[in-house]
Amino acid sequence: MKAIVPVAGLGTRFLPATKTQPKEMLPLVDTPVIQYVVEEIVRSGIKNIIFVTTRHKKCLEDYFDSHFELESALEMSGKSETVRELRRIVKLAHFSFVRQHAPLGNGDAIVSAAHLLHDEPVVVAFGDDIFVGRELVTKKLIEVYRAYHAPVCVLKKVPRSKVHQYGIVRAKKIGAATYQIFDIVEKPSAKNAPSNLAVFGRYVLTPQIIDYLRELHPPSRNKELGLTEALRLNLRRGGSFYGWEVSPQAHFDCGSKIDFLKATVYFGLKHRELKHEFRSHLRSLEL
Ligand code: G1P
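Going left to right, the sequence shown walks through residues 522 to 808 as my numbering numbers them.
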């Protein structure tokens, strides 16, 4: 299975930091957010990754390419372990890049990459969402897809005060963490939300969903095309849709400042060289 990773967003929530660098390249300690996304989908069995970029994201393309001069300089100064790590990143997967020509929503981003698919299911991974813990979330979604041959997404319970920020589903639990979804509403008010189960940035989409996106494309003037619209159309036309629930601790929405900060602390406390010093620093703070 291939994965489409839309990374064309402007990152306005992180201004001024994102004025000149993509939000996906902001580091969590020493590793950019996008690398965590890529590693999780690669460990789930994906070998082909299609990034949907824009002209502001060139350094993201360069990140997954080799840097000959840097590698030679590091090698000459005996830093062969760092060179090995840089080369490992380049070889994580086969990377392709397509451009989204205008900020017309995540549905439009997926349509921009759809010509590279051949009537096949595809993983979609948003560049902001990081999943941690023992379970590989994308692998779980693929398992659910294989059981039902229908689209699948990640679900996480959020406080009612935050439902207006996410796609929210009406769903019934049918397994330990599996849900059948009957409706999805994009960013509802707390009053109109069908539940507090929110959709987060990993999906397996069927060719039918890609067809629905094409049917809804192009979006009408000045509007964005959201993936949610195609998933909703699928349900309206009698298709099924499933979800896999993750625990709140297993996910960071790195598009939000508070989760970015929490993720920084999480990876700081796991970092091979820094964890002891960082832990004792946190303990020493008068919290
Ligand atoms: C997108 C989706 C939304 C989902 C969210 C998860 O929204 O449209 O359904 O809940 O990602 O991060 P965005 O964050 O692009 O506004």
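By construction, the Cβ of each residue, glycine as well, lies at the ideal position given by its N, Cα and C atoms.
Examine the ligand G1P and report whether any of its heavy atoms sits within less than 7 Å of the Cβ of D649. Distances from the CB of D649 to the heavy atoms of the ligand G1P include at least one below 7 Å.
Is N627 near the ligand G1P, in the sense that its beta carbon is under 7 Å from a heavy atom of that ligand? Yes, since a heavy atom of the ligand G1P falls inside the 7 Å radius drawn around the Cβ of N627.
Out of curiosity, what's the CA-to-CA distance linking V558 and L754? Distance between the alpha carbons of V558 and L754: 28 Å.
So which of V632, F721, S587 and T699 has the shortest CA-CA distance to H615? Of V632, F721, S587 and T699, the residue nearest in Cα terms is S587.
On the DSSP letters alone, give me the boundaries of the alpha helix (DSSP H) that R753 sits inside. For R753, the enclosing alpha helix (DSSP H) has its first and last residue at L748 to R757.
Does the ligand G1P have even one heavy atom less than 7 Å from the beta-carbon of D780? In this structure, D780 has its CB at a distance of at least 7 Å from all heavy atoms of the ligand G1P.
Looking only at its chain, what residues have a beta carbon closer than 7 Å to the beta carbon of I779, apart from the 5 residues adjacent to it on each side? None.
Consider the C-beta atom of E707 and the heavy atoms of the ligand G1P; say whether any pair is separated by less than 7 Å. Checking the Cβ of E707 against the ligand G1P gives yes.
N- and C-terminal bounds of the beta strand (DSSP E) containing H772: Start and end: H772 to D774.
Would you say the beta carbon of F572 is closer than 7 Å to some non-hydrogen atom of the ligand G1P? It does not: the Cβ of F572 is nowhere closer than 7 Å to a heavy atom of the ligand G1P.
For K708, the nearest candidate out of L662, L748, K540 and G759 (CA to CA): Minimum Cα distance to K708 is reached at L748.
Going by C-alpha to C-alpha distance, which of P553, A529 and P527 sits closest to A784? Ranking P553, A529 and P527 by Cα distance to A784 puts P553 first.
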